[in-house]
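Visitor: Next up is a structure, given as structure tokens.
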Amino acid sequence: MNIIVCIKQVPDTNEVKIDPVTGTLIREGVPSIINPDDKNALEEALLLKDKYDAHVTVITMGPPQAEKALREALSMGADEAVLITDRAFGGADTLATSRVLAAAIQKLPYDIVFAGRQAIDGDTAQVGPEIAEHLSLSQVTYVEKVEIEGRELTIRRALEDGYEVIKVKTPVLLTAIKELNVPRYMNVKYIYEAFQKEIKIWNSDDIDIEKSLLGLGGSPTKVRKSMTKDVKGKGELINMSPKEAAEYAVAKLKEKHFV
Amino acid sequence: MDFTFTREQEFIRQMVREFAENEVKPIAAEIDETERFPMETVEKMAKYNMMGIPFPVQYGGAGGDNLSYIMAVEELSKVCATTGVILSAHTSLCAGLLHQFGNAAQKEKYLIPLAKGEKLGAFGLTEPNAGTDAAGQTTTARLEGDYYVLNGSKIFITNGGVADTFVVFAMTDKSKGTRGISGFIIEKGYPGFSIGKKENKLGIRASSTTELIFEDCKVPKENLVGQDGKGFGIAMKTLDGGRIGIAAQALGIAEGAYEEAIKYLKERKQFGKNIGAFQGLQWIIAELDVKIEAAKHLVYKAAWNKDKGLPYSVEAARAKLYASEVAMDVTTKVVQLFGGYGYTKDYPVERMMRDAKITEIYEGTSQVQKMVIAGNALK
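Sequence lines, in order, name chains A and B.
Counted the way my numbering counts, the first sequence spans residues 1 to 259.
Counted the way my numbering counts, the second sequence spans residues 1 to 379.
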């Protein structure tokens, strides 16, 4: 079984700075991590590797420093990694990004493609489903449980107020949510192996894609304005018995017409 | 001169920090209170290949360097000094000894399962009347056919009650003094070998510190480590490495307490402002900051020397002497910064202060470190 996991390197902070001119994120000086949902996607792939000896390839589209996220994925136990990087990809929206990732995935063998539900910097939840569309793959989003029997997967898909159970055959694309699993740590031994491995680096010439579809030019989304949220005022701390506290809270909710 | 860590070292620090925060910190207070050895943590560390960081992959290790291992002890000790010493005694004193002095068959049989974390290791040198005077061993080993027969006892043995593999020292020839001491690999369950009293300690309370008792204990001849009569040198060289581990533990304790203090000084209000705004306390913080940084340099330098194949005996003594004093100083002052709250078990700093003290005592007291340092200076 071959599994591809799409990951994204994101800034590890809630206080993301935004470039006032381009409206895009400033990444310099902000520590970077593997996007949390993508880590759940990777963990599920690694669990399948532990169980069925699957081969796990992680891919990411990003700047050269995204290599660190790939090395981290290798340190968790992924077998190989591909970095798709090119200046021409700069300013890509979800459509341009998903086209690049889909073109890269087409060059690799796969039965399952995993992605995280959404990234904490963009929060769109679009890239995974778009990749499935480009590749004409079945897709299941918001995956919280996966069982495999041969080519058939039984998947529990989270809904806001419940879940649905879906049966689907490979090849398939799944997007993971945090309820799916608890990601493992990096493994000390794999860390040393990770830095011995070669990461494949592909640019726009290495994948089959129309140049006009890349980067800012290939992105129909135009960000008009980005702004940070106003900081909420400090909460009120009350110190009273549970009964009094409950009465106090209900009174407040009534006062604000919530109940 | 280059003070940068390798990318591997940075990843290992990040990994151990996350591990310590999620797996070790939440149980640290409980295991201290109940003196419960955290076997589940040892199993988790084994799963992540933390039990044999500096040993080659062919011997079951992670294939890493000594500095990475030292950083792992440091990160664990920031939240739980007990967990730090479990790893340090296992890695430096038992597995490290076998890696350095064991023969091929001993490495195959004992080092591999230790480095993989399938077995836990311990080291037995100290006796009731042979502490700093380690040459005063009274445990004896008598060769009888294919076996050495051991008689005597050891005390204060870290991981004593829980280890599977022990390296223990005994006199094979009393007339030769230190040249009559030899090291032996002992397996848990050897007839005549039993675990004695478990110590009830001031700090590192969840660490299993016990007596080892040998009553006509038969040890296969092939379990002799190195040559007959070379045990004292093996023990001393092993302790040189172990001291870097204890220095890292002390450094971690100091850093852990310091981090708690910084948080507290930003939160705690008196006279209408955060207590961190008072210059009297700021000066304490500045002094602790510099001491920790100085200790860190000594500890990493000693570990770096070992990795580079340079002498590290004096470096290890300096690192342990200073880092342990810093741990005691920092934790004592941090408890003071916390005031009455610091004296209670609502905060971890009183535990850190209790844990710090042992680092000035075990694997060579501060006075022994001074003997090593001055002995080298005046030789």
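Even glycine gets a Cβ: it sits at the ideal position worked out from N, Cα and C.
1) Within 8 Å (strictly less), CB to CB, does A:LYS189 reach chain B?
2) Between the Cα of B:MET39 and the Cα atoms of B:THR140, B:LYS119 and B:GLU10, which residue gives the shortest distance?
3) Is B:ILE213 helix, strand or coil by DSSP?
4) B:GLN249 to B:LYS296, Cα distance in whole Å?
5) Measure how close the beta-carbons of B:ALA319 and B:ALA356 come, nearest whole angstrom, since I'm counting them as under 8 Å.
6) Could you have a look at B:VAL85 and say whether DSSP puts it in helix, strand or coil?
7) State the Cα-Cα distance for the pair B:GLU8 and B:MET15, rounded to the nearest angstrom.
8) Which residues of the segment 3-24 of chain B have a Cβ closer than 7 Å to any Cβ of chain A? Give them in chain order.
9) Name the chain A residues whose beta carbon is nearer than 7 Å to that of B:TYR48?
10) Excluding the 5 residues preceding and the 5 following A:THR154 in the sequence, name in chain order all residues of the same chain whose CB lies nearer than 6 Å to its CB.
11) What in chain A is Cβ-close to B:GLY64, meaning under 7 Å?
12) Terminal residues of the continuous beta strand (DSSP E) containing B:TYR147?
13) Give the range of the beta strand (DSSP E) segment to which B:ALA122 is assigned.
14) Pull up the distance between the alpha-carbon of A:ASP12 and that of A:GLU80, whole angstroms please.
15) So that I know if they touch, is there some Cβ in chain D lying closer than 8 Å to that of A:SER75?
16) Quick check on this structure: which residue in A:ASP50, A:ILE34, A:LYS232 and A:LYS234 has the alpha carbon closest to the alpha carbon of A:MET1?
17) Checking the sheet assignment: what are the DSSP bridge partners for B:ARG142?
18) Within its chain, find whatever has a CB closer than 7 Å to the CB of B:ASP65; leave out the 5 residues flanking it on each side and keep chain order.
19) Where are the alpha helix (DSSP H) runs, 4 residues long or more, that stay fully inside the segment 45-83 of chain B, in chain order?
20) Assuming contact is defined by CB atoms lying nearer than 8 Å, are B:VAL330 and B:ALA254 in contact in what I supplied?
21) What does the alpha-carbon distance come out to for the pair A:ARG156 and A:ASN181?
22) According to DSSP, is B:MET328 helix, strand or coil?
23) Does DSSP put B:LYS198 in a helix, in a strand, or in coil?
24) So does the segment 116-132 of chain B actually touch the segment 163-174 of chain B, counting three or more Cβ pairs closer than 8 Å?
25) So, is the C-beta of A:PHE114 closer than 8 Å to a C-beta in chain B?
26) What distance in whole Å lies between the Cβ atoms of B:THR140 and B:ASN129, which are believed to be in contact at a cut-off of 8 Å?
27) Which residue marks the beginning of the alpha helix (DSSP H) containing A:GLU261, and which one marks its end?
28) Helix, strand or coil for A:SER219? Go by DSSP, reduced to three states.
29) Is the beta carbon of A:ILE199 less than 8 Å from the beta carbon of A:LYS107?
30) In chain A, which residues lie with their C-beta within 7 Å of the C-beta of B:ILE53?
31) By the 10 Å Cβ neighbour count, where 16 or more other Cβ atoms means buried, how is A:TYR52 classified, buried or exposed?
32) Report yes if the C-beta distance between A:LEU95 and A:LEU137 is below 8 Å; otherwise report no.
33) Check this for me: beta carbons of B:GLU75 and B:GLY252, under 8 Å apart or not?
34) For the alpha helix (DSSP H) holding B:PHE232, just list the boundary residues, first then last.
35) Run down chain B in chain order and give the residues with a C-beta less than 7 Å from the C-beta of A:PHE195.
Guide: Based on what the coordinates show:
1) yes
2) B:LYS119
3) strand
4) 11 Å
5) Incorrect: roughly 15 Å between the Cβ atoms, too far for contact.
6) helix
7) 10 Å
8) ARG7, GLU8, PHE11, ILE12, MET15, GLU18 and PHE19
9) TYR185, ASN187 and VAL188
10) GLU147 and LYS167
11) VAL188 and TYR192
12) 147-158
13) 121-124
14) 24 Å
15) Within the model displayed, chain D is absent; protein chains A and B are what it includes.
16) A:ASP50
17) B:VAL149
18) PRO54 and ASP307
19) 66-79
20) yes
21) 13 Å
22) helix
23) strand
24) yes
25) no
26) The Cβ separation is near 14 Å, so there is no contact.
27) The structure shown has nothing for residue 261 of chain A, since chain A only spans 1 to 259.
28) coil
29) no
30) VAL188
31) exposed
32) no
33) yes
34) 231-267
35) ARG7 and GLU8
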